[in-house]
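S.K.: Below are the structure tokens for one structure; questions will follow.
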Amino acid sequence: MTYIYTNEDEIDIELKCSICNEPFQSPMNCKSCGNTYCQECIMQWMQQQLSCPSCRQIGNQFLPVISRVVLNQLNRLLVQCTLCQQMNIQRSNFNDHISCTCPRQIVNCIDNCGWKGCRENLQEHLIECRRKQLLTDHISKYWKNIAFVILAILFFYIIKPHDNKKY
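Under our numbering, the letters of the sequence shown match residues 2 to 168, in that order.
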């Protein structure tokens with residue numbers, strides 16, 4: 002997670018996990034008492050405690066929250082990207098921000114040259130990368146032509162010396 006909540010103090014306590022005190026990530030409900038926790042939080046809790054943190058029943062089942070109201074409220078929470086500092090991104094749009102638009106996200110060269118850097122530097126890199134590739138291709142073609150000429154000369158003057166005639 003590379004974001005922070007922009008108005009964390011204003012987030013409804015009912016949307017926060019009582020284990021981590023953050024807004025729910027993949028919320029799960031206790032089948033017995035109905036309390037909600039982040040999936041990761043409750044899984045870690047159950048590995049150590051074997052009971053629900055609220056009702057203390059052992060071996061409780063936890064089911065994913067399917068309420069559209071709760072999920073929509075969580076998705077609409079506003080966050081700030083900690084990489085580029087852009088604010089007021091809906092949490093549901095954050096992954097798209099990171100994968101498509103965040104200028105500070107580390108990306109690989111799309112030409113597979115091995116370069117890694119910030120998305121904001123990618124265009125500048127691509128100009129240089131493609132210039133180098135064109136130069137390399139040109140040199141490669143040039144040397145192939147040179148090699149062909151050398152082979153032709155070798156064949157003409159060395160391999161078939163008996164066919165050589167002075168003009």
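Beta carbons: idealized from backbone N, C-alpha and C, even for Gly.
Anyone know if the C-beta pair for Cys42 and Cys21 falls short of 7 Å?
M.R.: Result yes, Cβ atoms of Cys42 and Cys21 sit closer than 7 Å.
S.K.: Can you tell me whether Thr7 is helix, strand or coil according to DSSP?
M.R.: Correct three-state label for Thr7: coil.
S.K.: Under 7 Å between the Cβ atoms of Met88 and Phe63?
M.R.: Their beta carbons are not under 7 Å apart, which means Met88 does not touch Phe63 by this criterion.
S.K.: Considering only C-alpha positions, which residue in the set Ile90, Met44, His126, Cys119 is nearest to Asp112?
M.R.: Of Ile90, Met44, His126, Cys119, the residue nearest in Cα terms is His126.
S.K.: Please go through the same chain and pick out, in chain order, the residues whose beta-carbon is closer than 6 Å to the beta-carbon of Ser93, but skip the five residues on each side of it.
M.R.: Around Ser93: Asn76.
S.K.: Taking its Cβ as the centre, do 16 or more other Cβ atoms sit within 10 Å of Leu51, making it buried, or is it exposed?
M.R.: With fewer than 16 other Cβ atoms within 10 Å, it is exposed.
S.K.: Can you give me the C-alpha to C-alpha distance between Ser33 and Val66, rounded to a whole angstrom?
M.R.: Their backbone Cα atoms lie some 14 Å apart in a straight line.
S.K.: If you follow the beta strand (DSSP E) that Asn89 is in, where does it begin and where does it stop?
M.R.: Careful: Asn89 lies outside any beta strand (DSSP E) and carries neither H nor E.
S.K.: State the start and end residues of the unbroken alpha helix (DSSP H) segment that holds Val71.
M.R.: Per DSSP, Val71 belongs to the alpha helix (DSSP H) from 69–76.
S.K.: Does DSSP put Phe25 in a helix, a strand or coil?
M.R.: The answer is coil: DSSP assigns Phe25 none of H, G, I, E or B.
S.K.: What residue range does the beta strand (DSSP E) around Cys119 cover?
M.R.: Cys119 -> beta strand (DSSP E) spans 117–119.
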